[in-house]
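K.L.:
Sharing a structure, written as structure tokens. Questions coming.
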Amino acid sequence: KKTLALLEAPARPIVEGQGFVSEDEYLEISDIKRDQSGEYECSALNDVAAPDVRKVKITVNYPPYISKAKNTGVSVGQKGILSCEASAVPMAEFQWFKEDTRLATGLDGVRIENKGRISTLTFFNVSEKDYGNYTCVATNKLGNTNASITLYGECRKPAYGGLGPVRELQELR
1 KKTLALLEAP
11 ARPIVEGQGF
21 VSEDEYLEIS
31 DIKRDQSGEY
41 ECSALNDVAA
51 PDVRKVKITV
61 NYPPYISKAK
71 NTGVSVGQKG
81 ILSCEASAVP
91 MAEFQWFKED
101 TRLATGLDGV
111 RIENKGRIST
121 LTFFNVSEKD
131 YGNYTCVATN
141 KLGNTNASIT
151 LYGECRKPAY
161 GGLGPVRELQ
171 ELR
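Set out below in structure tokens:
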């Protein structure tokens with residue numbers, strides 16, 4: 001008798017026409033998507049014995065794509081942080097550039113910190129020369145991508161003491 005193998009994700013019920021079925025000892029999955037990674041159950045069925053069920057983990061590798069990169073405004077003399085988030089399997093490695101110059105921790109008062117999917121470029125004391133466009137590059141063995149992020153100047157808001165603005169509003173009424 002032939003053996004039928006069925007692969008399905010227990011956490012995601014199989015809808016008619018979904019799931020993977022094979023009548024061979026191998027199961028080839030074509031056009032698999034990155035969101036189909038996860039744990040699956042493989043059931044081997046025939047008319048002779050009870051089904052044999054095993055769990056198998058499927059990992060879909062893909063090149064990086066940057067999901068978050070936001071321009072940031074900071075006043076001169078303040079701390080500024082640019083952040084770049086990239087999804088990739090295997091995990092992406094990050095590099096930062098200003099124009100064509102690669103940045104490194106400790107140079108020009110910046111720190112680069114990579115934690116999982118997120119890389120941050122920190123300026124401890126922003127000066128005029130720090131303003132401009134930066135490029136975050138995310139790379140793994142399958143490819144690379146980049147995003148341009150701008151650090152721009154922001155005026156400090158005036159500090160009001162006490163209830164000054166509130167009193168002015170009350171006097172206008």
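Counting in full-length UniProt numbering, the sequence shown runs from 1 upward without gaps.
Glycine included, every Cβ here is placed at the ideal spot set by N, Cα and C.
Keeping to the same chain, check which residues put their C-beta closer than 6 Å to that of R111; ignore five residues upstream and five downstream.
P.N.:
T105, T122
K.L.:
Would you kindly report the start and end of the unbroken beta strand (DSSP E) that includes C42?
P.N.:
Start and end: 38-45.
K.L.:
Could you tell me if the beta carbon of S87 falls within a distance shorter than 7 Å of some heavy atom in the ligand ADP?
P.N.:
With respect to the ligand ADP, the structure offers nothing, as it holds no ligand at all.
K.L.:
At the level of alpha carbons, what is the spacing between S148 and D130?
P.N.:
Looking at the two C-alpha atoms, the distance is approximately 15 Å.
K.L.:
Measuring alpha carbon to alpha carbon, tell me which of G116, N125, N46, Y40 ends up nearest V60.
P.N.:
Y40
K.L.:
On the CB-based measure, 16 or more other CB atoms within 10 Å of its CB, does P64 come out buried or exposed?
P.N.:
So P64 ends up on the buried side.
K.L.:
Compute the Euclidean distance between the alpha carbons of D100 and K55, then round it to the nearest angstrom.
P.N.:
48 Å
K.L.:
Check whether the Cβ atoms of T150 and N133 sit closer than 8 Å, and answer yes or no.
P.N.:
The answer is yes: Cβ separation under 8 Å.
K.L.:
Under DSSP, the beta strand (DSSP E) around Y97 begins and ends at which residues?
P.N.:
This sequence places Phe at residue 97; Tyr is not what is there. 93-98 is the span of the beta strand (DSSP E), which, as asked, contains F97.
K.L.:
What does the alpha-carbon distance come out to for the pair S119 and I81?
P.N.:
10 Å
K.L.:
Please state the DSSP three-state secondary structure of K129.
P.N.:
helix
K.L.:
Taking the alpha-carbon of G116 as reference, which of L142, A86, E28 has the nearest alpha-carbon?
P.N.:
A86
K.L.:
State yes or no: is the C-beta of E154 within less than 8 Å of the C-beta of S75?
P.N.:
yes
K.L.:
Once the 5 residues before and after E113 are set aside, which same chain residues still bring their CB inside 6 Å of it?
P.N.:
T120
K.L.:
What distance in whole Å lies between the Cβ atoms of A138 and F94, which are believed to be in contact at a cut-off of 8 Å?
P.N.:
6 Å
K.L.:
Cα separation between N140 and I66?
P.N.:
12 Å
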